[in-house]
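*Asks:* Let me give you the structure first, and then I'll get to my questions.
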Amino acid sequence: MSLALAVLTPFICAPLVAWISRYGRALAAWSASGVAALAGLWLAPLLLSAFEGMTTIQCLSWIPSVGVNLAFRLDGLGLLFAFLILGIGLLVILYAHYYLAAQDSLGRLYAYLLLFMGSMLGLVLSENLIQLLVFWELTSLSSFLLIGYWRKRASARRGARMALAITGAGGLALLAGFVLLGEMAGSYELTVVLASGDTVRAHPLYLPMLLLILLGAFTKSAQFPFHFWLPHAMAAPTPVSAYLHSATMVKAGVFLLARLFPVLSGTPEWTLWVGGIGVVTLIVGAVIALFKHDLKGLLAYSTISHLGLITALFGIGTPLAAVAGVFHIINHAIFKAGLFMAAGIIDHECGTRDMRRINGLWKVMPYTATLAMVAAAAMAGVPLANGFLSKEMFFAEAVTAGGQMRLGWLLPVAVTVAGIFAVAYSLRFIHDVFFNGEPVDLPRTPHAPPRWMRVPIEILVALCLLVGIFPAQTVEPILALAATAVLQGPLPPHDLAIWHGVSPALWMSVIALAGGALLYLGRKFLFRLHDRFEGRLDARALYERLLEGGLLKFSRYFIATLDTGSLQRQVLIFNLAVLVLGAVGMLGAPAALTGSRTLLPVDGVSLLAALALTAATLGATVLHQRRLTALIVIGAVGLLVALAFVKFSAPDLALTQLAVEVVTIVLLLLALYFLPNATPAESSPSRRWRDGGIALLAGGGAALLSWAVLTRPADSIASWFLDNSVSGGGGSNVVNVILVDFRGFDTFGEITVLAIAALGIYALLENLRLPGPVSDNAGRPWDADSHPIIMATFARLLLPLALLVSAFIFLRGHNLPGGGFIAGLVTAIALIMQYLANGVTWTHARLPARTHPWIAAGLIVALLTGLASWLFGRPFLTSAFGHFELPLIGGFELASAMTFDLGVYFVVVGATLLILINLGLAHHASHDVQGEEAR
Amino acid sequence: MEALIALAIGTLTGCGVYLVLRARSFPVVLGLTLLSYAVNLFLLASGRLVIGQPPVIGMAASHADALPQALVLTAIVIGFAMTAFVIMLSLRARAELGNDHVDGKDEGGAPR
Numbered sequence: 001m002s003l004a005l006a007v008l009t010p011f012i013c014a015p016l017v018a019w020i021s022r023y024g025r026a027l028a029a030w031s032a033s034g035v036a037a038l039a040g041l042w043l044a045p046l047l048l049s050a051f052e053g054m055t056t057i058q059c060l061s062w063i064p065s066v067g068v069n070l071a072f073r074l075d076g077l078g079l080l081f082a083f084l085i086l087g088i089g090l091l092v093i094l095y096a097h098y099y100l101a102a103q104d105s106l107g108r109l110y111a112y113l114l115l116f117m118g119s120m121l122g123l124v125l126s127e128n129l130i131q132l133l134v135f136w137e138l139t140s141l142s143s144f145l146l147i148g149y150w151r152k153r154a155s156a157r158r159g160a161r162m163a164l165a166i167t168g169a170g171g172l173a174l175l176a177g178f179v180l181l182g183e184m185a186g187s188y189e190l191t192v193v194l195a196s197g198d199t200v201r202a203h204p205l206y207l208p209m210l211l212l213i214l215l216g217a218f219t220k221s222a223q224f225p226f227h228f229w230l231p232h233a234m235a236a237p238t239p240v241s242a243y244l245h246s247a248t249m250v251k252a253g254v255f256l257l258a259r260l261f262p263v264l265s266g267t268p269e270w271t272l273w274v275g276g277i278g279v280v281t282l283i284v285g286a287v288i289a290l291f292k293h294d295l296k297g298l299l300a301y302s303t304i305s306h307l308g309l310i311t312a313l314f315g316i317g318t319p320l321a322a323v324a325g326v327f328h329i330i331n332h333a334i335f336k337a338g339l340f341m342a343a344g345i346i347d348h349e350c351g352t353r354d355m356r357r358i359n360g361l362w363k364v365m366p367y368t369a370t371l372a373m374v375a376a377a378a379m380a381g382v383p384l385a386n387g388f389l390s391k392e393m394f395f396a397e398a399v400t401a402g403g404q405m406r407l408g409w410l411l412p413v414a415v416t417v418a419g420i421f422a423v424a425y426s427l428r429f430i431h432d433v434f435f436n437g438e439p440v441d442l443p444r445t446p447h448a449p450p451r452w453m454r455v456p457i458e459i460l461v462a463l464c465l466l467v468g469i470f471p472a473q474t475v476e477p478i479l480a481l482a483a484t485a486v487l488q489g490p491l492p493p494h495d496l497a498i499w500h501g502v503s504p505a506l507w508m509s510v511i512a513l514a515g516g517a518l519l520y521l522g523r524k525f526l527f528r529l530h531d532r533f534e535g536r537l538d539a540r541a542l543y544e545r546l547l548e549g550g551l552l553k554f555s556r557y558f559i560a561t562l563d564t565g566s567l568q569r570q571v572l573i574f575n576l577a578v579l580v581l582g583a584v585g586m587l588g589a590p591a592a593l594t595g596s597r598t599l600l601p602v603d604g605v606s607l608l609a610a611l612a613l614t615a616a617t618l619g620a621t622v623l624h625q626r627r628l629t630a631l632i633v634i635g636a637v638g639l640l641v642a643l644a645f646v647k648f649s650a651p652d653l654a655l656t657q658l659a660v661e662v663v664t665i666v667l668l669l670l671a672l673y674f675l676p677n678a679t680p681a682e683s684s685p686s687r688r689w690r691d692g693g694i695a696l697l698a699g700g701g702a703a704l705l706s707w708a709v710l711t712r713p714a715d716s717i718a719s720w721f722l723d724n725s726v727s728g729g730g731g732s733n734v735v736n737v738i739l740v741d742f743r744g745f746d747t748f749g750e751i752t753v754l755a756i757a758a759l760g761i762y763a764l765l766e767n768l769r770l771p772g773p774v775s776d777n778a779g780r781p782w783d784a785d786s787h788p789i790i791m792a793t794f795a796r797l798l799l800p801l802a803l804l805v806s807a808f809i810f811l812r813g814h815n816l817p818g819g820g821f822i823a824g825l826v827t828a829i830a831l832i833m834q835y836l837a838n839g840v841t842w843t844h845a846r847l848p849a850r851t852h853p854w855i856a857a858g859l860i861v862a863l864l865t866g867l868a869s870w871l872f873g874r875p876f877l878t879s880a881f882g883h884f885e886l887p888l889i890g891g892f893e894l895a896s897a898m899t900f901d902l903g904v905y906f907v908v909v910g911a912t913l914l915i916l917i918n919l920g921l922a923h924h925a926s927h928d929v930q931g932e933e934a935r
Numbered sequence: 001m002e003a004l005i006a007l008a009i010g011t012l013t014g015c016g017v018y019l020v021l022r023a024r025s026f027p028v029v030l031g032l033t034l035l036s037y038a039v040n041l042f043l044l045a046s047g048r049l050v051i052g053q054p055p056v057i058g059m060a061a062s063h064a065d066a067l068p069q070a071l072v073l074t075a076i077v078i079g080f081a082m083t084a085f086v087i088m089l090s091l092r093a094r095a096e097l098g099n100d101h102v103d104g105k106d107e108g109g110a111p112r
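If you read the sequences in order, they're chains A and B.
If you're matching positions, the first sequence starts at 1 in UniProt numbering and goes up one per residue.
If you're matching positions, the second sequence starts at 1 in UniProt numbering and goes up one per residue.
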């Protein structure tokens with residue numbers, strides 16, 4: 001439980017921190033650090049057992065019916081990473097407080113950082129492979145937000161997109177790999193997977209599985225040839241880079257290699273791919289780093305190189321190499337975080353990161369320079385710094401491994417060359433920035449940084465030295481713990497000491513240090529050489545050609561072909577598709593069109609009404625170019641439909657249709673005021689014939705389908721509702737009982753849709769300025785005498801009566817035709833009548849100006865009614881009812897569903913009024929526009 | 001009687017489809033209105049035609065199918081919300097584009 005809490009705490013608190021940041025930057029920093037500390041506190045009770053070498057596994061049942069659990073695991077490796085994530089996270093939070101400019105939102109940065117922290121914690125503490133993958137993808141997403149933090153900068157957006165595209169693609173490959181692995185091992189739980197190494201390695205699909213998982217790990221850890229996203233991610237604020245590219249994001253890939261080491265390693269394929277790619281990345285990164293003029297660019301490529309080093313160590317595959325790999329993960333996290341923060345200070349003080357311009361800063365910030373020098377010495381592998389120890393272990397492992405293969409001497413040579421370049425770029429980082437003459441044309445005059453901005457670096461540098469000088473006393477316990485968890489077996493004998501006697505590794509270190517110094521001295525010549533070959537070999541260009549050129553072009557073509565931006569064409573295609581589907585269904589059916597049901601006799605009135613309906617519909621279509629006339633005829637059609645509802649035993653529908661018809665016609669009339677009065681005859685005759693043909697087919701199809709349905713006997717579930725309406729819902733109007741009780745949850749969804757539509761309309765109408773016409777169709781100016789006095793007076797008199805009718809309809813709704821929907825519409829019409837008869841100004845002053853609260857109140861009432869049933873231990877929206885006696889009034893039924901219906905009522909009233917009144921106001925505003933124009 | 005309703009549904013659908021295929025926003029909205037009448041009638045009819053037996057317990061000996069009626073009742077109200085939304089969309093389009101062509105272009109010459 002506590003592991004789940006540790007992972008979830010940052011997620012839950014992230015929005016909270018963003019909110020707190022409104023009340024001051026210091027408060028934001030404190031709360032964000034508090035969250036990181038709290039997450040650490042949850043882990044504290046498990047520390048003791050973890051240090052005893054026990055693995056804690058905690059399982060939360062999630063979807064027990066399909067056997068999906070939330071499973072967390074804390075062992076040495078997870079603990080080490082949790083330490084790095086939370087510890088360096090805390091330092092980064094402190095540092096960001098001073099780094100970020102006042103106009104940048106600190107709360108947003110902290111919220112993203114905490115999201116990322118939670119994802120990383122989840123990743124390293126997951127017991128289940130699929131769950132691990134979910135957190136893996138979450139790190140990709142949250143790092144996207146972090147890298148793109150300065151979202152107004154094109155470089156930040158581009159860097160974020162590139163990182164997401166590459167790591168996201170890797171995540172897909174990883175999913176495939178995990179599924180293969182889980183199927184091979186027979187379980188997705190790590191405990192089982194880690195124990196089934198032999199089965200997995202012997203499986204025929206081992207190689208594809210391995211490559212897929214490596215694709216995931218290598219894209220995340222920026223291994224060659226996927227390394228190019230990392231330098232572009234440097235568009236992020238420096239605290240983010242310090243966090244993502246030292247201890248966390250890019251370490252996720254090597255974490256995966258370490259985690260699955262016992263299962264996947266120990267085969268020639270593993271050594272070839274992991275070791276090979278690692279060594280190539282090591283060298284490529286180190287060489288490019290030397291030639292980067294950008295301070296953070298140099299650090300980025302050095303990160304790539306060091307990740308290659310760690311990968312190569314795991315690739316060598318011996319237990320001792322794995323220990324060295326874990327050791328270098330720790331060391332790199334510490335010194336690289338410190339270096340990024342130092343680079344951030346320099347950038348912050350100078351306003352640029354170009355090392356050709358930043359020179360001689362020693363005079364300004366000697367203290368920061370000293371800190372940076374120690375961290376850079378660790379990066380170069382100078383004795384007494386922590387980087388030296390793990391690097392020498394790496395050299396020793398390279399010699400041992402090289403001795404066991406053909407052309408093995410190449411391996412020590414290659415890693416020594418990489419070492420030489422590492423020393424050279426570390427020297428450049430120090431010498432170019434802090435010495436090397438005077439600064440050139442800096443945008444800002446550098447000063448010593450704020451005291452507390454340096455504190456995180458001081459802590460990290462102190463750790464560099466402590467680990468470097470007293471390794472056995474400081475890092476050994478946690479290293480042993482983590483390495484045991486990686487190996488899942490006994491730890492090989494290893495000796496963390498500065499002096500191992502004269503060994504090949506020592507000589508390689510000496511060569512690297514001396515060669516690096518020489519290389520740096522000859523840098524001028526090398527830079528000229530590099531400039532000549534600049535841009536020839538660029539993985540980024542390939543990525544852009546593939547993604548931007550290939551994939552995006554294809555998507556654009558695909559979309560442009562499907563979506564022509566023409567509604568007419570889309571509607572045509574849609575209708576044709578429906579016709580084809582309908583034709584296939586109808587023509588392919590084996591049964592006869594007419595069914596066996598006895599038909600109802602035709603009476604004269606019905607015949608007349610049906611003919612009127614048909615005639616009115618056709619008339620509206622023929623007359624559609626004269627819009628006002630067509631609208632009036634459509635109103636007649638709606639009333640005839642309401643009559644049909646009356647005839648066919650649907651009184652509720654008839655009432656609803658009647659009310660909605662009134663509102664719709666008023667609405668369309670108001671809208672028509674802003675639209676041209678006539679539709680121009682612009683369709684060609686051939687197009688009209690074509691559309692007429694389609695319409696004929698569609699209408700014929702619908703008629704035949706209706707006929708086929710109507711003549712067949714019905715086998716409905718209605719009898720259940722009829723039988724249970726009174727006993728189960730306490731009402732005799734079955735339609736209303738279905739709406740508010742049996743299918744109350746659906747109705748709740750529907751009133752939500754209504755509310756959203758109303759709000760959408762409100763947004764559409766906001767700031768809408770449309771000029772209205774100044775004269776009627778015949779060119780006569782509008783009558784200035786706007787509101788006839790008789791109509792105004794009667795409308796006011798009618799209002800209480802109408803509201804009474806509405807209340808009556810509402811109250812009887814549960815037992816007789818009526819209910820919340822209809823009562824709401826009646827109330828809305830009564831109020832709209834006031835607007836029509838008395839004018840907007842008069843009415844608006846007497847009614848609440850905003851009906852949004854009514855909608856909200858209605859939704860809340862409906863929701864609370866539903867939730868109230870939880871208090872009685874019943875499912876959502878269970879209704880209760882009873883018979884009550886009151887003096888004078890007599891006996892009556894009350895059901896809790898009526899409260900729900902009240903919610904429906906408020907939503908309907910609020911939404912209808914919101915729509916019509918706001919259109920009416922736009923209408924009113926257009927008069928003002930004309931008035932101004934006239935003046 | 002069934003034939004009459006089938007005829008009505010067919011006419012409403014056909015005219016609705018024809019209007020929906022027009023080039024200006026107002027006829028399209030009218031077409032949508034006709035189509036929603038057709039769909040509502042069809043849904044009601046799927047419970048089969050019954051005369052004089054409203055689904056209110058105690059009002060008649062047997063009752064019409066209440067389920068399609070409950071469906072159609074909310075469909076009518078939501079249909080109104082959708083009609084309102086589409087007509088506002090067309091007003092907005094007219095304000096932004098200067099004409100009421102559904103594709104945002106004025107084939108007939110000058111705007112308005």
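Every residue, glycine too, gets a C-beta built ideally from N, C-alpha and C.
So what does DSSP say about R151/A, is it helix, strand or coil?
*Replies:* The answer is coil: DSSP assigns R151/A none of H, G, I, E or B.
*Asks:* Within its chain, find whatever has a CB closer than 6 Å to the CB of L215/A; leave out the 5 residues flanking it on each side and keep chain order.
*Replies:* Hits under 6 Å: G170 and A173.
*Asks:* For chain A, is any of its Cβ atoms less than 9 Å away from the one on residue 168/B?
*Replies:* The first residue shown for chain B is 1 and the last is 112, placing residue 168/B beyond what the model contains.
*Asks:* Using only the alpha-carbon positions, how far apart do A857/A and G818/A sit?
*Replies:* For A857/A and G818/A, the distance between alpha carbons rounds to 21 Å.
*Asks:* Report the three-state DSSP secondary structure of P781/A (helix, strand or coil).
*Replies:* Strand.
*Asks:* With the cut-off set at 9 Å, would you say L34/B and L12/B are in Cβ contact?
*Replies:* The answer is yes: Cβ separation under 9 Å.
*Asks:* Along chain B, which residues have their Cβ under 8 Å away from the Cβ of T614/A?
*Replies:* Chain B residues near T614/A: L7, A8 and T11.
*Asks:* Taking only the alpha-carbon atoms, compute the straight-line gap between G76/A and V179/A and give it to the nearest angstrom.
*Replies:* Each residue's Cα considered, the two are about 25 Å apart.
*Asks:* Spell out the partners DSSP gives G839/A in its beta bridges.
*Replies:* Answer is none; G839/A lacks a bridge partner.
*Asks:* Would V7/A pass as an interface residue toward chain B - the criterion being a Cβ-Cβ separation below 9 Å?
*Replies:* V7/A does not count as touching chain B.
*Asks:* I want to know whether the segment 501 to 519 of chain A touches the segment 416 to 427 of chain A - three or more CB-CB distances under 8 Å.
*Replies:* Because the criterion of three Cβ pairs below 8 Å is met, the segment 501 to 519 of chain A and the segment 416 to 427 of chain A touch.
*Asks:* Helix or strand or just coil, what does DSSP make of L70/A?
*Replies:* Three-state result, L70/A: strand.
*Asks:* Note down, in chain order, every chain A residue with its Cβ under 8 Å from the Cβ of G47/B.
*Replies:* Within 8 Å Cβ-Cβ: A714, S716 and A718.
*Asks:* When you compare the CB of Q930/A with every CB in chain B, is at least one pair closer than 9 Å?
*Replies:* Unreliable positioning characterises Q930/A in this predicted model, as indicated by a pLDDT of 46, which lies under 50. The coordinate reading is nonetheless provided below. Chain B contact via Cβ: absent.
*Asks:* Cβ closer than 9 Å: which chain B residues qualify as neighbours of S769/A?
*Replies:* Before going on, a small fix: residue 769/A reads as Arg here, not Ser. Within chain B, the residues near R769/A are A95.
*Asks:* Spell out whether any CB of chain B is found under 9 Å from the CB atom of A757/A.
*Replies:* Closer than 9 Å: yes.
*Asks:* Between V605/A and chain B, is any beta-carbon pair separated by less than 9 Å?
*Replies:* No, because no Cβ of chain B sits closer than 9 Å to the Cβ of V605/A.
*Asks:* For chain B, find out if any of its Cβ atoms is closer than 9 Å to the Cβ of S649/A; answer yes or no.
*Replies:* So yes, S649/A belongs to the interface.
*Asks:* In angstroms, rounded to a whole number, what distance separates the CA positions of M88/B and L106/A?
*Replies:* Approximately 40 Å between the Cα atoms of the pair.
*Asks:* I need the DSSP call for residue 938/A, collapsed to helix, strand or coil.
*Replies:* Any question about residue 938/A goes unanswered here, given that chain A covers just 1 to 935.
*Asks:* One question on the structure: do L121/A and A82/A come within less than 9 Å of each other, judged by their Cβ atoms?
*Replies:* It is a contact, given that the beta carbons lie within the stated cut-off.
*Asks:* For A934/A, decide whether its Cβ has a neighbour in chain B, counting only Cβ atoms nearer than 9 Å.
*Replies:* For A934/A, the pLDDT reaches just 41, beneath the cut-off of 50, and the residue's location in the model is therefore unreliable, leaving the point undetermined.
*Asks:* Answer yes or no: does any C-beta atom of chain B fall closer than 9 Å to that of H624/A?
*Replies:* Yes - at least one Cβ of chain B is within 9 Å of the one on H624/A.
*Asks:* Suppose the cutoff is 6 Å on Cβ atoms and the five residues either side in sequence are ignored; what does the same chain contact list for V740/A look like?
*Replies:* If we look at V740/A and ignore the five residues flanking it on each side, its Cβ neighbours are A897, F900 and D901.
*Asks:* Runs of 3 residues minimum, wholly inside the segment 91 to 141 of chain A: which ones carry the beta strand (DSSP E) assignment?
*Replies:* Within the segment 91 to 141 of chain A, no complete beta strand (DSSP E) run reaches 3 residues.
*Asks:* Determine, for R112/B, whether the minimum Cβ-Cβ distance to residues of chain A falls below 9 Å.
*Replies:* Per-residue confidence for R112/B stands at a pLDDT of 37, beneath the threshold of 50, marking its modelled position as unreliable; no derived number is given.
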